[in-house]
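Trainee: Numbering (the numbering used here), first residue to last: 1 to 242.
Now the structure itself:
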């Protein structure tokens, strides 16, 4: 959809990264969490600095895991937790990113500017005893459908419609049974194909495009929610995982 709008606005050199964020991560590149995400959406926020520095001031909600201890502590991090790392500088944060990805943790991002960037954007710090226990509980976002409810539809225990907004290239590898496919970039033009008398659960490869589609349809009066999970398809079969 974004690429289509850009072309309509006169841009000619527009490309789409079909693999999306998962492909970017698999290629080894860093992703960055916005400060709003850190503040409002409850990621597992890890301070990579030494604990003496942590005591003098840290981002609220963060847990102290110095870089030297991160490889051992990685076993305690829930596999489905979105992790945000910050440290003294970008080099330290990228070392932490490399360690966690080597342990199979794919939902790991950095905080742009680290602690200095947080302060520069008006963020506050807290002081006091160092928090060292790694704990995380998912905080559902507004408009998100639970994986359990989504799987009820997959199993035929609900009459909600599954809407796949991935590209044609992605769906060539498989589509969830019973799902309707409308690529995100075509959604505005084809929304009349969707029912207004039932719930619509939207998915993509990893969640961001599904969220965009959900906001778009909700603004047009549809009853919809989006799935924030990984959908991987191969050989006509699809797997849904948090």
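Backbone N, C-alpha and C define an ideal beta-carbon position, used for all residues, glycine too.
Tell me whether the beta-carbon of residue 64 lies closer than 7 Å to the beta-carbon of residue 108.
Mentor: If you number the chain shown from 1, residue 64 lands on position 64. If you number the chain shown from 1, residue 108 lands on position 108. Cβ distance not < 7 Å, so residue 64 and residue 108 don't count as in contact.
Trainee: I'd like to check one pair, residue 161 with residue 238: are the Cβ atoms closer than 7 Å?
Mentor: In the chain shown, the residue the question calls residue 238 occupies position 238. In the chain shown, the residue the question calls residue 161 occupies position 161. Taking 7 Å as the Cβ cut-off, residue 238 and residue 161 do not qualify as a contacting pair.
Trainee: By alpha-carbon positions, which one of 142, 61, 48 and 220 ends up nearest to residue 96?
Mentor: Residue 96 sits at position 96 when you count from the first residue of the chain shown. With distances taken between Cα atoms, residue 96 lies closest to 48.
Trainee: Check whether the Cβ atoms of residue 173 and residue 121 lie closer than 7 Å to each other.
Mentor: Mapped onto the chain shown, residue 173 falls at position 173. Mapped onto the chain shown, residue 121 falls at position 121. In this structure, the beta-carbon distance from residue 173 to residue 121 does not fall below 7 Å.
Trainee: Which ranges does the beta strand (DSSP E) cover as unbroken runs of at least 3 residues, wholly within the stretch 152-235, from first to last along the chain?
Mentor: 161-164, 200-203, 224-226 and 230-234
Trainee: How is residue 101 classed by DSSP in three states: helix, strand or coil?
Mentor: In the chain shown, the residue the question calls residue 101 occupies position 101. Helix, per DSSP.
Trainee: Taking the beta carbon of residue 168 as the centre, do at least 16 other beta carbons fall within 10 Å, making it buried, or is it exposed?
Mentor: Position 168 of the chain shown, counted from the first residue, corresponds to residue 168. Label assigned to residue 168: exposed.
Trainee: Using only the alpha-carbon positions, how far apart do residue 213 and residue 55 sit?
Mentor: The residue you call residue 213 lines up with position 213 of the chain shown. The residue you call residue 55 lines up with position 55 of the chain shown. Straight-line Cα distance between these residues: approximately 43 Å.
Trainee: Specify, as a first and last residue, the run of the alpha helix (DSSP H) that residue 39 falls within.
Mentor: Numbered from 1 along the chain shown, position 39 holds the residue referred to as residue 39. Note, residue 39: alpha helix (DSSP H), 35-40.
Trainee: Give the DSSP-derived three-state secondary structure of residue 144 in the structure shown.
Mentor: As a first step, residue 144 must be located in the chain shown, where it is residue number 144. It is a strand residue.
Trainee: If I measure Cβ to Cβ from residue 66 and keep anything under 6 Å in the same chain, skipping five residues before and after, which residues do I get?
Mentor: Counting from one through the chain shown, the residue named residue 66 turns up at place 66. Here the set comprises 50.
Trainee: For residue 63, does the three-state DSSP call read helix, strand or coil?
Mentor: Along the chain shown, read from residue 1 onward, the residue named residue 63 stands at position 63. Note: residue 63 maps to strand in three-state DSSP.
Trainee: How about residue 110 and residue 30: are their beta carbons less than 7 Å apart?
Mentor: The residue you call residue 110 lines up with position 110 of the chain shown. The residue you call residue 30 lines up with position 30 of the chain shown. Their beta carbons are under 7 Å apart, which means residue 110 touches residue 30 by this criterion.
Trainee: So, do the stretch 176-194 and the stretch 131-148 have three or more beta carbon pairs nearer to each other than 8 Å?
Mentor: The stretch 176-194 vs the stretch 131-148: no contact.
Trainee: Are the beta-carbon atoms of residue 87 and residue 114 separated by less than 7 Å?
Mentor: Position 87 of the chain shown holds residue 87. Position 114 of the chain shown holds residue 114. The answer is yes: Cβ separation under 7 Å.
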